[in-house]
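Data first, discussion second: the structure below is written as structure tokens.
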Amino acid sequence: MKCGLEIHQRICSNKLFCNCDGTMSDEEVVRKFKRILHPAVGETGELDRAVVFENLRKKEFTYLVKGDSACLVESDSEPPHRVNSEALKTALRVAKHLEMFIPDELHVMRKTVIDGSNTGGFQRTMVVGLGTDKSVIPTSEGEVRVKDLELEEESARIIKRGSKGTTYDLSGLGVPLIEIGTHPDIKSPEQAYEAARYLGELLRLTGRAQRGIGSIRQDVNVSVRGGARVEIKGFQELSDLPQLVKNEVERQESLIALKKELTGYKLRRVNVTEFFEESRMFKKKKLVMGLVLPGFKGLFKRKLNPVKTLGSELADYARAYGVKGLMHDDEDLKKYELTTEFSEARNELGLKGDDLLLVIAGDEDETVNNAVKAVMDRAYLLNDEVPEETRVASKDAASVYARPLPGGARMYPETDVPHIRITKKLLRDVPGIESKEERLKELKGHDLTKALIKELVLSPRLGLFRELVNELNLEPVRIARLLVTIPKEVKKRYAKDVNILSEEHFRELASLLYKDELVWGAVPEIMSDLCDSPELKVTDLLGEYRVLSDKDLKNIIKEVIADNKGLSVKQYMGLVMSRVGGRAEGSKVNKLVKEMIK
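Under the numbering used here, think of the first position of the sequence shown as 91, with each following residue one higher.
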């Protein structure tokens with residue numbers, strides 16, 4: 091096998107070509123609009139095959155604008171602004187660290203994309219670095235060469251898919267994205283994992299990598315001898331990357347083996363609506379088309395890999411054209427109450443015992459016929475080759491067909507953005523990236539636990555940790571807990587993403603804790619409240635969490651003891667803490683309770 095990677099990492103900054111916030115918004119939708127996108131030829135004067143495929147689907151796209159998360163740039167109603175300097179510097183830092191060739195001038199290009207993920211029908215991208223002999227990733231199985239590094243726009247986030255269109259959230263469109271590609275030097279699933287982990291850690295070491303679901307993802311290019319280059323897009327679970335590669339290798343090898351078994355065959359497409367129009371499953375469908383596959387009986391149940399059968403493989407092609415899938419008589423038809431319908435259709439069509447019948451149903455003739463043609467074309471290829479294609483990663487570490495593999499015909503220059511000069515001074519001023527080993531050595535000097543060191547070493551809050559350790563007389567272990575441990579508790583307990591909070595929020599919390607105006611037990615609740623209203627300051631919420639004076643705390647304990655005679659220390663503790671909430675430290679309450687019940 092051969093394998094190459096493309097790592098995509100969102101960057102913490104404003105958007106790439108405007109000043110809108112670069113975080114995913116959960117605000118209310120303030121407006122929406124619709125678009126139908128059309129293909130454009132690239133520099134070669136040709137239409138790219140992936141673009142032609144998307145155009146055949148004839149979809150309408152709906153775009154949602156939430157709060158101030160998008161502007162006229164995202165709706166393609168005004169030209170892009172200057173490129174975001176922070177995002178550019180981050181890309182240059184990574185390119186320098188990888189010892190890549192950085193051009194004297196960066197040219198922004200448009201990459202035609204009409205699947206709806208970009209409102210203008212294209213994605214802006216620029217090459218920032220090209221690999222040199224020194225641009226390599228060390229792994230236990232040898233070096234993997236780095237091919238290129240691009241800075242580009244993130245696409246819009248899918249909210250809802252439908253047969254006639256897709257709804258997108260524009261808050262993600264235009265967020266800066268660094269893409270690092272490798273040569274196909276990877277020779278095993280385990281080496282793919284090592285290379286991806288190395289690049290992921292390098293990007294986090296910049297301190298500018300976004301965190302959270304979807305902030306980093308891997309595209310994997312896999313090919314085997316006798317197979318084809320297949321690109322699997324959007325895989326997020328790094329730990330499952332080896333299994334994804336294994337499943338793709340097995341899928342291609344199974345298809346190659348199947349090809350050797352098959353002999354020439356002629357497929358037949360027929361209208362079978364009359365046999366299925368009264369069935370429970372298809373009676374509301376306008377058209378039911380059948381496809382006869384001679385000699386295929388039993389093959390659609392064959393496993394291509396642990397999670398994919400030949401039947402589900404071909405069903406993906408049907409779904410790509412807007413139908414829900416396909417039915418075939420290798421399935422348990424009793425489960426769908428279709429035994430009689432398939433039997434009558436087979437008899438009328440004169441099928442032999444080893445012939446397979448599949449059916450595709452839908453409400454629009456064009457959609458159904460396009461889906462049948464796609465399945466038919468793919469079925470013929472089973473006897474010819476494993477096709478080059480783009481697939482999308484699924485949760486079970488497998489993949490589903492998405493579209494043909496794009497070529498170079500979808501690129502053309504962006505004329506609304508001036509070329510970007512990369513001067514020697516700019517490159518000199520771009521800071522280096524300290525190594526993971528340097529960070530580990532520093533953190534070990536603070537007597538932190540191994541768990542805290544592991545969390546902090548790649549954390550974007552490491553710089554803030556250093557700042558607070560120097561400025562406040564708080565134990566480093568407590569500052570580390572504030573920055574990495576408590577946010578994880580908040581996510582687990584309240585299902586809130588603390589990444590939405592600013593560094594200033596953490597500075598406020600640390601300062602109030604240092605001044606004893608806040609107790610540690612109140613911090614998770616305050617963080618949760620701030621996640622709901624990130625525009626607030628910590629001091630805006632301090633009223634209900636302000637630390638009780640010793641006098642007030644003793645009065646509360648006195649009342650609890652007077653109202654509940656003869657309880658244990660533990661029982662009194664529970665009653666007192668339920669009254670004081672997050673306004674007193676548990677250790678202090680425990681000490682006072684013991685003193686006052688003597």
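Each residue gets a CB set at the ideal place from its N, CA and C atoms; glycine is no exception.
Leaving out five residues on either side along the sequence, give the residues of the same chain with a beta carbon under 6 angstroms from the beta carbon of Ala461.
-> Taking the first residue of the sequence shown as position 1, residue 461 is located at position 371. If we look at Ala461 and ignore the five residues flanking it on each side, its Cβ neighbours are Ala408, Tyr411, Val413 and Ile450.
Taking Phe386 and Glu434 to be in contact with their CB atoms under 8 angstroms, please state how far apart those CB atoms are, rounded to whole angstroms.
-> Position 296 of the sequence shown, counted from the start, is the residue given in the question as residue 386. Position 344 of the sequence shown, counted from the start, is the residue given in the question as residue 434. 20 angstroms between Cβ atoms; not a contact.
Is Ser305 near Arg100, with beta carbons less than 8 angstroms apart?
-> To locate residue 305, count along the sequence shown from 1; it is residue 215. To locate residue 100, count along the sequence shown from 1; it is residue 10. Yes, the pair counts as a contact, with Cβ atoms nearer than the cut-off.
For Gly380, which option in Ser618, Leu447 and Arg370 has the closest C-alpha, if you only look at C-alpha atoms?
-> By 1-based counting over the sequence shown, the position of residue 380 is 290. Nearest of Ser618, Leu447 and Arg370 to Gly380, Cα basis: Leu447.
Under 8 angstroms, do Arg307 and Gln326 count as touching if we go by C-beta distance?
-> The residue you call residue 307 lines up with position 217 of the sequence shown. The residue you call residue 326 lines up with position 236 of the sequence shown. A contact, by the Cβ cut-off of 8 angstroms.
From this set, Thr152, Leu127 and Pro521, which residue's C-alpha is nearest Val141's C-alpha?
-> Taking the first residue of the sequence shown as 1, we reach residue 141 at position 51. For the residues Thr152, Leu127 and Pro521, the minimum Cα distance to Val141 belongs to Leu127.
Could you check the C-alpha separation between Glu478 and Arg319 for me, to the nearest Å?
-> The sequence position of residue 478 within the sequence shown is 388, counting from 1. The sequence position of residue 319 within the sequence shown is 229, counting from 1. Computed Cα separation, rounded: 5 angstroms.
Kindly identify the DSSP beta-bridge partner or partners of Gly94.
-> Taking the first residue of the sequence shown as position 1, residue 94 is located at position 4. Asn311, per the DSSP bridge assignment.
For Met466, which residues from the same chain have a beta carbon less than 8 angstroms from its beta carbon, with the 5 sequence-adjacent residues on both sides left out?
-> Working through the sequence shown from its first residue, we reach residue 466 at position 376. Taken in chain order, the residues that qualify are Leu357, Arg359 and Leu381.
Tell me which same chain residues have a C-beta within less than 7 angstroms of the C-beta of Glu240, skipping the five on either side of it?
-> Residue numbering aside, residue 240 sits at position 150 when the sequence shown is read from its first letter. Here the set comprises Thr215, Met216, Val217, Val218 and Glu269.
Using the beta-carbon count (16 or more within 10 Å), is Gln281 buried or exposed?
-> Numbered from its first residue, the sequence shown carries residue 281 at position 191. Label assigned to Gln281: buried.
Top-ranked residue by Cα proximity to Pro332, from Ser278, Tyr258, Gly135 and Lys586 | By 1-based counting over the sequence shown, the position of residue 332 is 242. Looking at the Cα atoms, Ser278 is the closest of the given residues.
Start and end residues, beta strand (DSSP E) containing Asp238 | Locating residue 238 in the sequence shown gives position 148, counting from the first residue. Taken as a continuous stretch (DSSP letters only), the beta strand (DSSP E) holding Asp238 covers Val234 to Glu243.
Tell me, which residues are paired with Asn645 by DSSP?
-> In the sequence shown, residue 645 corresponds to position 555, counting from 1. DSSP lists no partner for Asn645.
Relative to the alpha-carbon of Ala405, which residue among Ala285, Gly443, Lys373 and Val458 has its alpha-carbon at the smallest distance?
-> In the sequence shown, the residue the question calls residue 405 occupies position 315. For the residues Ala285, Gly443, Lys373 and Val458, the minimum Cα distance to Ala405 belongs to Val458.
Output the boundary residues of the beta strand (DSSP E) element that contains Thr215.
-> One-based indexing of the sequence shown puts residue 215 at position 125. Here the beta strand (DSSP E) through Thr215 covers Phe212 to Leu220.
Under three-state DSSP, which class holds Pro505?
-> Taking the sequence shown and counting its residues from 1, the one referred to as residue 505 is at position 415. Just to set this straight, residue 505 is Thr in the shown sequence, not Pro. If DSSP states are grouped into helix, strand and coil, Thr505 belongs with coil.
What is the DSSP secondary structure of Leu446, reduced to helix, strand or coil?
-> Residue 446 sits at position 356 when you count from the first residue of the sequence shown. It is a strand residue.
C-alpha gap between Gln213 and Ala612, whole angstroms = In the sequence shown, residue 213 corresponds to position 123, counting from 1. In the sequence shown, residue 612 corresponds to position 522, counting from 1. Roughly 45 angstroms separates the two Cα atoms.
Determine the extent of the beta strand (DSSP E) in which Arg481 is found, giving its start and end residues.
-> As a working note, residue 481 is residue 391 in the sequence shown. Where Arg481 is concerned, the enclosing beta strand (DSSP E) stretches over Glu479 to Ala483.
Under a three-way DSSP split, which group does Met199 fall into?
-> The residue given as residue 199 occupies position 109 in the sequence shown. Met199 falls in the strand class under three-state DSSP.
Could you pull out every unbroken beta strand (DSSP E) segment of at least 3 residues lying fully inside the region 345-373, listed in chain order?
-> 358-361
Are Ile523 and Leu295 close, meaning C-beta to C-beta below 8 angstroms?
-> If you number the sequence shown from 1, residue 523 lands on position 433. If you number the sequence shown from 1, residue 295 lands on position 205. Cβ distance < 8 angstroms, so Ile523 and Leu295 count as in contact.
What residues match up with Asp259 in a beta bridge as DSSP calls it?
-> Residue 259 sits at position 169 when you count from the first residue of the sequence shown. According to DSSP, Asp259 bridges with Leu154 and Arg247.
Lys375 to Ser369, Cα distance in whole Å?
-> Within the sequence shown, residue 375 is the residue found at index 285, counting from 1. Within the sequence shown, residue 369 is the residue found at index 279, counting from 1. Cα-Cα distance, rounded: 10 angstroms.
Closest by CA to Leu182, which one among Glu475, Leu517, Asp223 and Leu289?
-> Here the question's residue 182 lines up with position 92 in the sequence shown. When only C-alpha atoms are compared, the closest one is Leu517.
Cross-strand partners of Ile322 (DSSP beta bridge) | Numbered from 1 along the sequence shown, position 232 holds the residue referred to as residue 322. Looking at the DSSP assignment, Ile322 forms a beta bridge with Val310 and Arg481.
In three-state terms, what does DSSP make of Ala282?
-> Indexing the sequence shown from 1 puts residue 282 at position 192. Ala282: helix per DSSP, three-state reduction.
Three-state class that DSSP yields for Glu269 in the structure shown = Looking up residue 269 in the sequence shown gives position 179. Looking at Glu269 - three-state DSSP - the assignment turns out to be strand.
Evaluate contact between the region 338-356 and the region 501-516, counting only Cβ atoms and requiring at least three cross-stretch pairs below 8 angstroms.
-> no
Run the CB neighbour count on Met686, radius 10 Å, all protein chains shown included, and call it buried at 16 or more, exposed below.
-> The sequence position of residue 686 within the sequence shown is 596, counting from 1. Burial call: exposed.
Thr480 vs Lys581 beta-carbon contact at 8 angstroms = On the sequence shown, position 390 is the one that residue 480 refers to. On the sequence shown, position 491 is the one that residue 581 refers to. No, the pair does not count as a contact, with Cβ atoms beyond the cut-off.
Burial state of Asn395, where buried means 16 or more other Cβ atoms lie within 10 Å = As a working note, residue 395 is residue 305 in the sequence shown. Answer is buried; the Cβ neighbour count reaches 16.
Which stretch, first to last residue, makes up the beta strand (DSSP E) that contains Arg571?
-> For the purposes of this step, residue 571 is taken as residue 481 along the sequence shown, with counting starting at 1. It is not in any beta strand (DSSP E) - Arg571 carries neither H nor E in the DSSP assignment.
Inter-residue Cα distance where the pair is Val670 and Arg493 = For this step, residue 670 is matched to residue 580 along the sequence shown. For this step, residue 493 is matched to residue 403 along the sequence shown. If you take the alpha carbons of Val670 and Arg493, they lie about 60 angstroms apart.
Should Ser668 go down as buried or exposed, given a rule of 16 or more other Cβ atoms within 10 Å for buried?
-> Within the sequence shown, residue 668 is the residue found at index 578, counting from 1. Answer is exposed; the Cβ neighbour count stays below 16.
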